[in-house]
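Per this note's numbering, residue 66 is the first one in the sequence shown, and the count goes up by one each step.
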Amino acid sequence: MYWASTILLVHELHTEKQKNAFLYKAPLRKGGQLSNGTIEYIYRVLKNILERSKEWGLIKVNPIVGVKKPKVEQPEIEFYDDNEAKEVITALNEEPRKWRLFILGSMIGGFRRGELLALE
């Protein structure tokens with residue numbers, strides 16, 4: 066039963082790592098609340114961990130089975146209307162070429178902020 070002692074060792078190490086992780090309090094966004102996406106991610110991780118523990122015989126019942134999956138509300142995305150887009154493009158004519166191309170590229174390409182910042 067070498068594998069059983071290995072599983073227990075890994076479980077103990079993981080438990081110790083979790084304790085240390087909970088001691089570190091990361092600053093929360095939105096006035097001290099986790100985002101909906103973070104809550105849904107934590108739910109999925111817990112469900113997978115507990116399901117695997119059940120498969121391995123470490124627990125008899127997965128306690129998260131009766132818990133409803135939290136709903137993730139997608140924020141409403143706002144777009145420029147035709148008039149606003151024309152105003153931005155007109156205003157860009159006064160800006161240096163570098164910024165004009167940068168903003169127009171972001172508007173036309175639909176890039177995310179990180180993708181734009183990675184451009185050289």
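For glycine and all other residues, C-beta sits at the position ideal for the given N, C-alpha and C.
Spatial neighbours of Ser171 in its own chain (CB-CB distance under 6 Å, excluding positions within 5 residues in sequence) are listed in chain order as Leu181.
Taking the CA atoms as reference points, Glu149 sits about 20 Å from Arg162. Considering only Glu116, Phe167, Val126, Lys136, the residue with the shortest C-alpha distance to Ser100 is Lys136. Look at Asp147 here: in three-state DSSP terms it is helix.
No Cβ-Cβ contact shorter than 8 Å links Ile104 with Leu115. Taking the Cβ atoms as the reference, Leu157 lies roughly 12 Å from Ile173, outside the contact range of under 8 Å. Under the three-state reduction of DSSP, Val153 is assigned to helix. Within the same chain, and ignoring the five residues on either side of Leu111 in sequence, the residues whose Cβ sits closer than 8 Å to its Cβ are Ile129. Taking 8 Å as the cut-off, the beta carbon of Lys119 is found closer than this to the beta carbon of Asn127. In the structure shown, Leu184 adopts coil according to DSSP, grouped into three states. Trp164 and Arg178 have their C-alpha atoms roughly 15 Å apart.
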